[in-house]
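Worksheet: one structure, shown below.
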Amino acid sequence: MSKKTFGTLAGVFTPTTLTILGVIMYIRQPWVVGNAGIVGALAILLISVAITLSTALSLSSITTNVRIGAGGAFSIISKSLGLEIGGAIGIPFYIAQALAVAMYVFGFREGLVSILPYFNPLILDILIFSVVMTIAFISTSFAFKIQYVILGIIVLSLISIFGALFVTDLNYDFELFGKYPGSIENNFGGTSFWVVFAVFFPAVTGVMAGANMSGDLTSPRKSIPKGTISAVILTTLIYISLIFVASLLATPDEMVSNYNLFIDKALYSPIVLAGLLGATLSSALGSFIGAPRIMLALAEKGILPKSKELAKTSKKGEPINSMLITAVIVFIGISLRDLNTIAPILTMFFMITYAMVNIVVLVEQSLNLPSYRPTLKVPLIVPAIGAFGSIAIMFVINVIVALTSLILIFLFYFYLVNLKLKSEAGDSRSGLFTALAEWATKKSSNLSPQKEVRSWRPDLLIPMSMPKEIRSSYKLIHSIIHPNGSIKILALFHENPEEQKTIEEFLINASQKYKESGISVSYAFVENRELNTTINISMQSLNAAFFKPNVIFASVDTGNADLDFYDKLITDVKKNNFGMILYIPFSTASLAIEKNINLWLTNIPTNWRETFNIGNNDLSTLLSLLICKNWKGEIDVIIVDDTQNTQFSETDIEDIKTMIRFPNKTTISVKNGNLLDNVKKYRNADVNIFSVDADMTTADMISIVYESRISGIFCVDSNLENVLV
1 MSKKTFGTLA GVFTPTTLTI LGVIMYIRQP WVVGNAGIVG ALAILLISVA
51 ITLSTALSLS SITTNVRIGA GGAFSIISKS LGLEIGGAIG IPFYIAQALA
101 VAMYVFGFRE GLVSILPYFN PLILDILIFS VVMTIAFIST SFAFKIQYVI
151 LGIIVLSLIS IFGALFVTDL NYDFELFGKY PGSIENNFGG TSFWVVFAVF
201 FPAVTGVMAG ANMSGDLTSP RKSIPKGTIS AVILTTLIYI SLIFVASLLA
251 TPDEMVSNYN LFIDKALYSP IVLAGLLGAT LSSALGSFIG APRIMLALAE
301 KGILPKSKEL AKTSKKGEPI NSMLITAVIV FIGISLRDLN TIAPILTMFF
351 MITYAMVNIV VLVEQSLNLP SYRPTLKVPL IVPAIGAFGS IAIMFVINVI
401 VALTSLILIF LFYFYLVNLK LKSEAGDSRS GLFTALAEWA TKKSSNLSPQ
451 KEVRSWRPDL LIPMSMPKEI RSSYKLIHSI IHPNGSIKIL ALFHENPEEQ
501 KTIEEFLINA SQKYKESGIS VSYAFVENRE LNTTINISMQ SLNAAFFKPN
551 VIFASVDTGN ADLDFYDKLI TDVKKNNFGM ILYIPFSTAS LAIEKNINLW
601 LTNIPTNWRE TFNIGNNDLS TLLSLLICKN WKGEIDVIIV DDTQNTQFSE
651 TDIEDIKTMI RFPNKTTISV KNGNLLDNVK KYRNADVNIF SVDADMTTAD
701 MISIVYESRI SGIFCVDSNL ENVLV
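Per full-length UniProt numbering, the very first residue in the sequence shown carries number 1; after that it's consecutive.
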């Protein structure tokens, strides 16, 4: 574990300030003013600060609510949206931080060109990074002490720049609105507001520098808000003042043609050059200290390959292995010699991270959960500006690179989903989905019953006293509810500890088995010896719920069945407007080869076509279609007309097939006589599916199964099914 040794000044304020007051302030700020004018430069700065300050406020707000761990933004996002999303953001954010070190090294070397013009650039880059790496490996405390020195040099360089106002002939011919002449690189062929914005924006993207050290802070909940917001406000005031200083020191033509304007015009040029070098060195140092700590946080959660090795720290709490891997990545970046091709993607990774931090606050505030009680509260508009602004800026800078970066994030996400990561702590995803479900419930409750019928799917409530009742029906239950149904098991509590333990273990294993198939399963124990009463009370209670089970499933053990129990259950089911599936297996056959289904339709009204009502045959028909789909089987429909009053022509049969939308291979036949006599003649199926007529008892059902020698499924309709919709 890292030792928590740094306070607000050393751990947050200083690295954040140094990262923001970087190269762009020294060599691009005058160029921005020369192109955009005072008003345009202020607009660019204020838009940039609106995004970064919103992010800083969001970051500060969320850190006052959660116990932020190591990894800064990764920790925040993971605690709210889960390890998969946190890791998908954290991995590219780490890579961006690591490769940013190489870019800062290049910037430092460019500043040395005037002093060491003939030195080999590659050797110089390696030497510069070796110094950075040595400082970081000595200790983080030593590195932060070096940063105090650099901060002092930057303060002196700013004094020197401001001092130029007293020794230079000032330009009072201000250009409020720029003409955007462009740059030396494009031979002053013109540019635009957003191109200038894209050049300047990276200057203010250092708000995460302190948060990256979250695992090493004595009190991140206090230090991150104070240090980050203070740094953003101070640096914003400095940038605003430098816009006016640049306008006073030079004309627009001078500003766009001389990148070293602040150095050349300064009261003492060497100290400004030292400030430029110090800014790049501190940024390189800050990124090299921060990046390994992000890797450490990722490794501690098992997100990276060889996580156990990468998560090891020294006696001083330094993530040595992560630092070594980061050093290798930096050396690779340096060997590329030109990071211009990947620099835009790195910028996008930073922007996506900022957007996600704001989205976390948006989600937490929108859920309005009691657990979200930040001591620093921000209006909803703040994270909204930060999130929208970050995403918008990505596409302003480069649409193709923005899309490429998002695709990479999604690839990381799907990779992490497949790892099936387990978090010791919870996150806000369940709350988010619950809030969405509640919203959908409120909307759905206003819809007509007809629309409820159309959205019907099997959500089973299965009463159980012993495991064998479900074990014998496991495959059938799966065939009924896969892929979109759900199961709720109502188990009786047993006073015998051994029996109770056996049932609990069975339910855990059965639930896991169903969940592996993507099926939602839950179970509860009820202390009541009378199962009929338990089921009846449960149905009555569940009628007050919106997402309630809609079908009772029961399996009949014909060798040891209490027939009165099932008859009473059917009565209670009808009274509570639940559907019911009663499975009666034929002892020697069960479901045979799970291929052929006989569906028996009885008592179809004569006006079924006009009323869109086929009687008490909806659930049985829907069930046959679901089972047929999962079995990849075939359905034979037999319409039984025991009164011989209903005449079914070939047209009627075709209409039934079309309106119910049976599979093409389905055959439909019409038979006269009673149900039992006809069932005896059809023994070529793996299962018979029936609707339960008003006068049919459980004994009648068992008789049908034994006479047919085929397992039977008997269905009781509620008013929530309609196969014709």
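A virtual CB, placed ideally from N, CA and C, is assigned to each residue, including glycine.
Quick one: measure Cβ to Cβ for residue i and residue j, integer angstroms, because I've assumed they're closer than 8 Å.
i, j, result
"Gly-579", "Ser-718", "5 Å"
"Val-637", "Ile-668", "4 Å"
"Thr-14", "Gln-97", "The Cβ separation is near 17 Å, so there is no contact."
"Ser-685", "Ile-584", "Here the sequence assigns Ala to residue 685, which means Ser is not the residue at that position. 14 Å between Cβ atoms; not a contact."
"Val-692", "Val-716", "5 Å"
"Val-207", "Thr-52", "5 Å"
"Pro-458", "Ile-535", "Rounded, the Cβ-Cβ distance is 17 Å, inconsistent with contact."
"Pro-292", "Pro-252", "Wrong, their Cβ atoms sit about 44 Å apart, outside the cutoff."
Could you tell me which residues DSSP puts in a beta bridge with residue i?
i, result
"Ala-554", "Leu-582"
"Gly-712", "Ile-584 and Asn-688"
"Thr-602", "Val-640"
"Phe-525", "Ala-491"
"Pro-463", "Leu-490"
"Phe-6", "Leu-217"
"Asn-596", "Glu-634"
Need the endpoints of the alpha helix (DSSP H) that residue i sits in, please.
i, result
"Phe-129", "121-138"
"Met-539", "531-542"
"Pro-374", "Per DSSP, Pro-374 belongs to no alpha helix (DSSP H) and is neither H nor E."
"Asp-567", "563-575"
"Ser-80", "73-81"
"Pro-303", "Reading off the sequence, residue 303 comes out as Ile, not Pro. Where Ile-303 is concerned, there is no enclosing alpha helix (DSSP H), given that its DSSP letter is neither H nor E."
"Phe-612", "Where Phe-612 is concerned, there is no enclosing alpha helix (DSSP H), given that its DSSP letter is neither H nor E."
"Ala-56", "29-63"
"Leu-310", "307-310"
"Asn-321", "320-336"
"Ser-257", "252-257"
"Lys-468", "468-471"
"Thr-16", "14-20"
"Lys-265", "261-265"
Do residue i and residue j have their CB atoms nearer than 7 Å?
i, j, result
"Val-49", "Ala-41", "no"
"Ser-396", "Phe-288", "Correcting the residue identity first, residue 396 is Val in this sequence and not Ser. Cβ atoms of Val-396 and Phe-288: not closer than 7 Å."
"Gly-163", "Leu-267", "yes"
"Pro-225", "Ser-60", "yes"
"Ala-36", "Gly-189", "no"
"Ile-689", "Ile-713", "yes"
"Ile-407", "Ala-355", "no"
"Ile-20", "Thr-228", "no"
"Phe-174", "Ser-247", "yes"
"Tyr-104", "Ala-327", "no"
"Ser-708", "Val-679", "yes"
"Thr-168", "Lys-301", "no"
"Phe-525", "Ala-491", "yes"
"Thr-55", "Val-357", "yes"
"Ile-409", "Ala-88", "yes"
"Val-12", "Ser-223", "yes"
"residue 810", "Thr-218", "Beyond the ends of the chain as shown, which are 1 and 725, falls residue 810; an answer cannot be given."
"Ile-334", "Ala-73", "no"
"Val-551", "Ile-581", "yes"
"Leu-176", "Ile-47", "no"
"Thr-353", "Phe-137", "no"
"Glu-721", "Leu-619", "yes"
"Ile-635", "Thr-666", "yes"
"Ser-522", "Lys-488", "yes"
"Val-401", "Met-348", "yes"
"Leu-124", "Arg-109", "yes"
Over the uninterrupted beta strand (DSSP E) stretch that includes residue i, give me the two end residues.
i, result
"Trp-456", "Careful: Trp-456 lies outside any beta strand (DSSP E) and carries neither H nor E."
Answer yes or no: does any C-beta atom of chain D fall closer than 7 Å to that of residue i?
i, result
"Gly-90", "Judged by its chain identifiers, the structure shown contains no chain D, having just a single protein chain."
Q | Entirely enclosed beta strand (DSSP E) segments - the region 478-523, minimum 3 residues | A | 486-492
Q. Which whole runs of the alpha helix (DSSP H) in the region 614-702 are 4 residues long or more, in chain order?
A. 618-631, 650-660 and 675-681
Q.
Quick check on the DSSP output: what are the complete alpha helix (DSSP H) runs of length 4 or more inside the region 378-415, in order along the chain?
A. 381-397
(Q) Extract the residue ranges of the alpha helix (DSSP H) inside the region 142-208, only unbroken runs of 4 or more that lie entirely within it. (A) 193-200
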